[in-house]
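Numbering (the UniProt record's numbering), first residue to last: 1 to 157.
See below:
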């Protein structure tokens, strides 16, 4: 059985090696001794578990001579990365969008709107954070100390 290759989305292909009909029966029998854990089984990453038996030693490979570099390693790791700095801001409780969300979802007046944060004034993504994190974010000790990339639970987008 021949499987056609076709483009799907971002240049991903369906290959005949993705189907069991491509492999010898001996290989398929050995696969029954393996275990595949899918991400949704344990709310983690996926795993492929098997036991591999070493049948012989590698031939001796020539050792590579180490030539330590005379250049010192760069100290500014943050400058080398392309990390994007995010600025989180508290959602204004009097903002019409916040008032609309409270009315639409029937949120009680005592709902802690001070724990809603967003990354820009447009409030494209609203995040709910804990009381302790909210207090930390708006305390004076936070200035110039931590670069926050992600936090809280995205509640509205």
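Note that CB positions come from ideal geometry on N, CA and C, so glycine has one too.
Under the 10 Å beta carbon count, residue 118 is surrounded by 16 or more other beta carbons and is classified as buried. As the crow flies, the alpha-carbon of residue 24 is around 13 Å from that of residue 18. Each residue's CA atom was taken as its position, placing residue 120 and residue 132 some 22 Å apart. Between residue 152 and residue 128, the beta carbon gap of about 5 Å places them in contact (Cβ cut-off 8 Å).
The C-beta distance from residue 35 to residue 49 rounds to 4 Å, short enough to fall under 8 Å.
Residue 123 sits in coil when the DSSP states are folded into three classes, being neither helix nor strand. By the neighbour-count definition (other C-beta atoms within 10 Å, threshold 16), residue 116 is a buried residue. Rounded to whole angstroms, residue 111 and residue 148 show a C-alpha spacing of 25 Å. A straight-line Cα-Cα distance of about 37 Å links residue 137 and residue 38. For the pair residue 103 and residue 33, the Cα-to-Cα distance works out to about 56 Å. Between residue 53 and residue 29, the alpha-carbon positions lie close to 16 Å from each other. Its chain contains 91, 93, 98, 102 as the residues whose beta carbon lies nearer than 8 Å to that of residue 113, once the 5 sequence neighbours on both sides are disregarded; these appear in chain order.
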